[in-house]
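Under the working numbering, the first residue of the sequence shown is numbered 125, with each subsequent residue one higher.
One structure is given below, encoded as structure tokens.
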Amino acid sequence: MRIKPAKKLFVALLVVFGILGIATVYAVTQGASNVQSGTPETYTPTPGSVSAQGGNITSLTIDATVQTKKWQGFYGNISGTITLANSAGNAYMYNWSVTPGTGVVILTQDNAFPWDQLTNGNDSAVDTAWGFTGDDKAEVTFADVAACSPVTVNGKSIGNNDNEVYLWDNTGNGYFCEYLGEDSGGTGAKDDFAFIAKIYNDASCFNGDTCDFELIVPVNPDGVTTETYYVYVEF
């Protein structure tokens, strides 16, 4: 089985995230058992300053860029194999190579997501689940992106439903498509949502690195609490 080294993953916090050698991946959505995560990074702006003296009045023009606390970003590379293996995944009858730039990477808080119940997700339901308000809430983040054609996940078409986000490449333009999915039988809990990234082949990421996908997921906006996401793939 051929494994290529992981490179990096990305937004509120940037995490290097590589998916390597996903053995036992079939034509259905399955968990990625070999995931390597790099060191998180985040942007902390430096405050400007002004001089103040008694008796003066001064106008100020302020242009500020602040880091979101609602979204965690990932970017990285993926390689894998379609295989016919035993139940332990350590004996293989046959392997098939995966065509680069095909399939999806999925993050969800459910470690046993019911893929047969996957449907297009509702962005306002994400806001409700995480308690988001403001200009960077999910309802603002996800939209109907014409450039993001629907993807097929477990035989279901996801997209064209005001549930895509067009993440940037290193030119500051949209390139990487992400889709919001949801468990149609769920209750709107955090683990009812699936965040689906289309896989590309050696594209240029937001920071100029070569990568195969970009993906953002919602997190607790307190900027301190961590949340666990499980990684799935479908080639």
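Ideal Cβ placement from N, Cα and C applies to all residues, glycine included.
It should be emphasised that the depicted structure is a prediction, and the values quoted were computed from it without experimental measurement.
Heavy atom of the ligand NAD within 7 Å of residue 248 beta-carbon: Summarising the ligand content, the structure contains no ligands, and the ligand NAD is consequently not present.
CA nearest to the CA of residue 281, picked from 243, 234, 325 and 352: For the purposes of this step, residue 281 is taken as the residue at position 157 of the sequence shown. Of the listed residues, the one whose Cα sits closest to residue 281 is 243.
Exposure label - residue 275; buried when at least 16 CB within 10 Å: Residue numbering aside, residue 275 sits at position 151 when the sequence shown is read from its first letter. Residue 275 is buried by the Cβ-count criterion.
Between the CA atoms of residue 156 and residue 248 - distance to the nearest angstrom: Translated into positions along the sequence shown, residue 248 becomes position 124. Translated into positions along the sequence shown, residue 156 becomes position 32. Approximately 29 Å between the Cα atoms of the pair.
Local Cβ density within 10 Å of residue 352, reported as buried at 16 or more and exposed below that: Counting from 1 along the sequence shown, the entry for residue 352 is found at position 228. Counting Cβ neighbours within 10 Å, residue 352 comes out exposed, since fewer than 16 surround it.
Assumed close pair residue 318, residue 232 - CB separation to whole angstroms, cut-off 8 Å: Taking the first residue of the sequence shown as position 1, residue 318 is located at position 194. Taking the first residue of the sequence shown as position 1, residue 232 is located at position 108. At roughly 4 Å, the Cβ-Cβ gap stays under 8 Å, so residue 318 and residue 232 are in contact.
Residue 340 to residue 212 span [Cα, whole Å]: For the purposes of this step, residue 340 is taken as residue 216 along the sequence shown, with counting starting at 1. For the purposes of this step, residue 212 is taken as residue 88 along the sequence shown, with counting starting at 1. Each residue's Cα considered, the two are about 32 Å apart.
Residue 241 (DSSP reduced to helix, strand or coil): In the sequence shown, counting from the first residue as 1, residue 241 sits at position 117. Three-state result, residue 241: helix.
Every unbroken beta strand (DSSP E) inside the segment 265-298 [3 residues or more]: 275-277, 280-282 and 288-292
Helix, strand or coil at residue 346 according to DSSP, with G and I counted as helix: If you number the sequence shown from 1, residue 346 lands on position 222. Here residue 346 sits in coil by DSSP.
Reference residue 167, options 180, 161, 158 and 188, closest by Cα: For the purposes of this step, residue 167 is taken as residue 43 along the sequence shown, with counting starting at 1. Residue 167 has its Cα closest to that of 188, out of 180, 161, 158 and 188.
CB of residue 265 within 8 Å of CB of residue 289, strictly: Indexing the sequence shown from 1 puts residue 265 at position 141. Indexing the sequence shown from 1 puts residue 289 at position 165. Against a cut-off of 8 Å, the Cβ pair of residue 289 and residue 265 comes out as a contact.
Meets three-Cβ-pair contact criterion under 8 Å: the segment 166-185 and the segment 301-319: no
Cβ-based neighbour list, residue 349, same chain, cut-off 7 Å, excluding 5 preceding and 5 following: Here residue 349 is taken as the residue at index 225 of the sequence shown, counted from 1. Within the same chain, residue 349 has no close Cβ partners at all.
Residue range of the unbroken beta strand (DSSP E) whose run includes residue 205: Taking the first residue of the sequence shown as 1, we reach residue 205 at position 81. That run of the beta strand (DSSP E) goes 202-209.
Length of the line joining the Cα atoms of residue 238 and residue 174: Walking along the sequence shown from the start, residue 238 turns up at place 114. Walking along the sequence shown from the start, residue 174 turns up at place 50. Going from the Cα of residue 238 to the Cα of residue 174 covers about 56 Å.
Own chain residues within Cβ distance below 8 Å of residue 215, not counting five before or after: To locate residue 215, count along the sequence shown from 1; it is residue 91. The answer, listed in chain order, is 209.
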